[in-house]
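Q: Dropping a structure here in structure tokens format, bear with me for questions.
Number of protein chains: 2
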Amino acid sequence: MSDSVIWANNLLSRAAEERLVRAVGAKRLILGEVVSDWPEPEVDHRARDADIIFGQPHPTDIIESRGIKWAHISTSGIDRYDNEGVRAAIRHRDAIMTNSSDVYYDAVAQHVVAFILADCRQLLFAIEMQRAGRDAAQMEIRRRSRMINELNVLIVGYGRIGRRLAELIKPFGANVMSLRRAATEDDLARAIAQADLPSALAAADHVVNILPDNPSTANFFDSDRFRQMKRGARYYSVGRGITTDHGALADVLNSGWVSAAYLDVTDPEPLPTGHPLRAVSSCFVTPHCASGHHNEDLRLVEHFLENLRRFESGATMLNRII
Amino acid sequence: MSDSVIWANNLLSRAAEERLVRAVGAKRLILGEVVSDWPEPEVDHRARDADIIFGQPHPTDIIESRGIKWAHISTSGIDRYDNEGVRAAIRHRDAIMTNSSDVYYDAVAQHVVAFILADCRQLLFAIEMQRAGRDAAQMEIRRRSRMINELNVLIVGYGRIGRRLAELIKPFGANVMSLRRAATEDDLARAIAQADLPSALAAADHVVNILPDNPSTANFFDSDRFRQMKRGARYYSVGRGITTDHGALADVLNSGWVSAAYLDVTDPEPLPTGHPLRAVSSCFVTPHCASGHHNEDLRLVEHFLENLRRFESGATMLNRII
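Below, the structure written as structure tokens:
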């Protein structure tokens with residue numbers, strides 16, 4: 001391998017960090033300090049001398065870099081780097097930016113199927129009844145249960161996670177619709193034009209929000225859009241918390257207009273004590289763990305190493321953004 | 001339609017009963033009394049004069065029937081009729097017996113996927129943490145989470161439910177193995193010979209018991225078989241409660257040998273107060289609702305009516321057992 005200097009600041013398991021050090025060699029690796037779980041990145045001037053940045057650098061360190069050639073972001077979402085300053089810095093230096101969506105998209109899609117099936121099979125309600133020792137709920141649970149077959153699932157924000165989700169739930173017999181930027185068709189999901197979103201919302205039994213965080217998506221699901229949904233529909237959000245108006249969601253859940261919400265992302269995370277959504281029993285929140293899996297750190301490093309191999313041999317990079 | 005007399009004793013919703021009466025005509029329909037939810041059948045001498053029996057007749061009424069031509073059992077499991085007396089009575093009269101597995105098999109398969117995904121995504125744990133206001137569990141949940149990809153799933157009792165389950169989880173990337181009566185192969189699941197069951201149990205991350213209730217399956221999963229499982233594996237049971245030794249299951253859950261159990265069936269149902277399994281926090285029980293869905297009564301009637309059409313025109317019957 002070449003002797004390009006790599007700065008990395010991932011919060012890695014010991015095994016994953018050892019794998020990284022062993023693969024690239026300690027000599028050319030600068031490990032940024034990690035101060036806590038799930039940290040906000042800190043400025044680290046040493047990153048500005050690196051050829052390659054892997055992890056969650058402070059955006060300023062990319063902008064002020066002396067010779068960056070490639071930045072590999074260790075998440076799927078790139079909100080922090082999705083701005084003109086960073087883009088210009090990368091382009092100006094003829095550098096590359098990649099993310100780690102290969103590592104995470106499948107887990108998020110599986111998490112959504114888990115949510116949808118838990119709802120269809122009334123799993124959380126049934127186990128709550130079990131824990132409370134209430135056995136008489138059998139007929140009630142059977143009557144509340146659904147099969148996914150013939151239910152309409154609308155995926156709003158149809159990227160890799162959305163496509164994988166469609167692939168996983170099609171065999172159940174769901175009708176899948178999708179709102180996507182480009183009105184291209186695929187075999188998995190019927191594409192909906194932006195103008196037809198109200199009628200798609202009115203037809204959907206399950207509405208899955210996988211929108212990224214950008215200026216056009218803030219509070220995309222607001223009071224109006226929730227009211228366009230079919231009475232009794234279910235809402236899922238696994239992209240970015242800021243795309244949901246949480247106050248409006250609490251209202252439509254409390255009124256029963258939306259039957260249940262399953263959120264892996266909120267704004268802020270976690271929701272503060274006393275937040276209206278916390279008191280809503282039909283709101284189920286997992287703590288931004290949809291993309292998580294036990295060996296994610298090791299997979300993150302392997303994915304970086306594969307891209308490093310490609311970078312050094314001039315091959316096509318995986319998950320290239322810029 | 002012909003004027004054969006139909007006796008029926010299903011516990012049907014009003015809409016489903018109206019559909020049945022409208023379709024076959026009140027004149028030739030004898031409705032057996034239903035005394036409670038999920039009843040044990042009672043002897044009803046009127047059933048013995050019917051040509052067609054639909055529902056859950058008392059087995060004696062089949063054996064003592066004066067001219068039964070067809071019995072359509074309204075469940076998937078036929079434990080109650082799976083004996084020589086009933087079989088001989090049907091055969092002796094050149095009659096037909098069918099069940100309702102078309103109505104239920106898919107829901108049960110989807111319920112199992114819901115169980116498996118809830119486990120992989122640590123959904124029940126995450127929601128329990130949410131309800132308790134413990135937000136700090138994020139990294140723990142991520143580390144405990146799994147994707148189904150590359151996990152070994154062993155299906156013990158590979159009939160229609162098992163095949164549908166395999167069909168639904170293959171797209172996730174699971175390796176599916178199956179123990180079945182006939183050692184036939186299909187594309188969905190690698191067939192395991194009975195002699196190879198111990199090594200299959202040792203390889204499986206998820207063991208799904210869908211065995212029917214018959215003399216060879218009582219306590220099939222006993223202490224020995226649980227000990228043959230890989231440490232940390234998960235156990236699912238959705239066929240018949242009697243196929244699991246519940247005391248042995250409580251032991252292996254308490255010792256941590258089996259990480260978690262998800263049961264839709266127990267013996268008895270529900271488990272009595274004070275039963276050892278009730279105190280095990282890694283044991284999740286749904287109340288025999290895996291096959292349930294909100295329109296099951298209507299589908300049950302439609303399925304019967306389709307078979308009635310076939311019966312009266314001499315076409316091949318659906319779900320024929322005898």
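Order-wise, the sequence lines are chains A and B.
Each residue of the first sequence is one higher than the one before, counting from 1 in the working numbering.
Each residue of the second sequence is one higher than the one before, counting from 1 in the working numbering.
Note that CB positions come from ideal geometry on N, CA and C, so glycine has one too.
From which residue to which residue does the alpha helix (DSSP H) around A:Ile169 run?
A: 160-169 is the extent of the alpha helix (DSSP H) around A:Ile169.
Q: Determine, using beta carbons only, whether B:Gln110 and A:Leu277 come nearer to each other than 8 Å.
A: no
Q: Return yes when the Cβ of A:Val252 is within less than 8 Å of the Cβ of A:Phe220, no when it is not.
A: no
Q: Going along the chain, which residues of its own chain have a beta-carbon closer than 7 Å to the beta-carbon of B:Ile322, five neighbours each way excluded?
A: Arg87, Ile90, Arg91, Ile96, Met97
Q: What does DSSP give as the partner residues of A:Thr244 in its beta bridges?
A: A:Phe221
Q: Could you pull the start and end residues of the beta strand (DSSP E) that A:Val208 belongs to?
A: 206-209
Q: Among A:Asp51, A:Ile52, A:Leu31, which residue has its Cα nearest to the Cα of A:Glu42?
A: A:Leu31
Q: For A:Glu84, does the count of other Cβ atoms within 10 angstroms reach 16, so buried, or fall short, so exposed?
A: Exposed, because fewer than 16 other Cβ atoms sit within 10 Å of the Cβ of A:Glu84.
Q: Establish whether the CB of B:Ile210 and some CB of chain A are separated by less than 8 Å.
A: no
Q: Is it buried or exposed, B:Arg48, if we count other Cβ atoms within 10 angstroms and call 16 or more buried?
A: buried
Q: Helix, strand or coil for B:His294 per DSSP?
A: coil
Q: Within this structure, are the beta carbons of A:Ser178 and A:Arg190 separated by less than 8 Å?
A: yes
Q: A:Asp297: which of B:Arg143, B:Phe284, B:His288 sits nearest, CA to CA?
A: B:Arg143
Q: Once the 5 residues before and after B:Ala114 are set aside, which same chain residues still bring their CB inside 6 Å of it?
A: none
Q: Excluding the 5 residues preceding and the 5 following B:Thr316 in the sequence, name in chain order all residues of the same chain whose CB lies nearer than 8 Å to its CB.
A: Excluding five sequence positions before and after B:Thr316, the CB atoms of its chain that fall closer than 8 Å to its own CB belong to Arg310, given in chain order.
Q: Do B:Arg28 and B:Ile68 have their beta-carbon atoms positioned less than 8 Å apart in this structure?
A: no
Q: Do we get a CB-CB distance below 8 Å when we pair B:Gln138 with the residues of chain A?
A: Yes, contact with chain A.
Q: Under the assumption that A:Ser281 contacts A:Ala248 (Cβ atoms under 8 Å), give the Cβ distance between them as a whole number of angstroms.
A: With 8 Å as the limit, A:Ser281 and A:Ala248 do not qualify as a contact, their Cβ atoms being about 18 Å apart.
Q: The stretch 273-293 of chain B: which residues have C-beta closer than 7 Å to a C-beta of chain A, in chain order?
A: Under the 7 Å Cβ criterion, the stretch 273-293 of chain B contributes Phe284, Val285, Thr286, Pro287, His288, Cys289, Gly292, His293.
Q: How is B:Met229 classed by DSSP in three states: helix, strand or coil?
A: coil
Q: Which residues of the stretch 133-160 of chain B have a Cβ closer than 8 Å to any Cβ of chain A? Give them in chain order.
A: Residues Gly133, Asp135, Ala137, Gln138, Met139, Ile141, Arg142, Arg143, Arg144, Ser145, Arg146, Met147, Ile148, Asn149.
Q: Out of curiosity, what's the CA-to-CA distance linking B:Asn333 and B:Ala50?
A: Because chain B in this structure spans residues 1 to 322, residue 333 of chain B falls outside the shown range and cannot be described.
Q: Less than 8 Å between the beta carbons of A:Val208 and A:Leu201, yes or no?
A: no
Q: List the residues that DSSP assigns as beta-bridge partners of B:Met177.
A: B:Leu154, B:Arg190
Q: Given that A:His111 touches chain B, what residues does it touch there, using C-beta distances under 7 Å?
A: Correct list: Arg121.
Q: With a Cβ-Cβ cutoff of 8 Å, do B:His72 and B:Asn307 count as a contact?
A: yes
Q: Give the interface partners of B:Gln130 over in chain A, defined as CB-CB distance under 8 Å, in chain order.
A: Phe284, Val285, Thr286, Pro287
Q: Which first and last residues belong to the beta strand (DSSP E) in which A:Met97 is found?
A: 96-98
Q: Which of the residues in the stretch 3-31 of chain A, read from start to end, lie with their CB under 8 Å from any CB of chain B?
A: Residues of the stretch 3-31 of chain A with a C-beta less than 8 Å from any C-beta of chain B: none at all.
Q: Taking 8 Å as the CB-CB limit, is B:Asp106 close to chain A?
A: yes
Q: In chain order, what residues of the same chain lie with their CB nearer than 7 Å to the CB of B:Phe304, ignoring the 5 residues before and after it?
A: Phe54, His72
Q: If contacts are defined as beta-carbon pairs under 8 Å, then A:Ala126 and B:Pro287 qualify, I think. What distance do you get, rounded to the angstrom?
A: Indeed, because the Cβ distance is near 7 Å, the residues count as touching under 8 Å.
Q: Looking at the structure shown, is B:Cys120 part of a helix, part of a strand, or coil, going by DSSP?
A: Here B:Cys120 sits in helix by DSSP.
Q: Are the CB atoms of B:Trp70 and B:Arg46 within a distance shorter than 8 Å?
A: no
Q: Give every residue of the same chain whose Cβ lies closer than 7 Å to the Cβ of B:Glu167, excluding the five residues on either side of it in the sequence, and list them in chain order.
A: Leu188
Q: Can you find a C-beta in chain D that's less than 8 Å from the C-beta of A:Glu296?
A: Within the model displayed, chain D is absent; protein chains A and B are what it includes.
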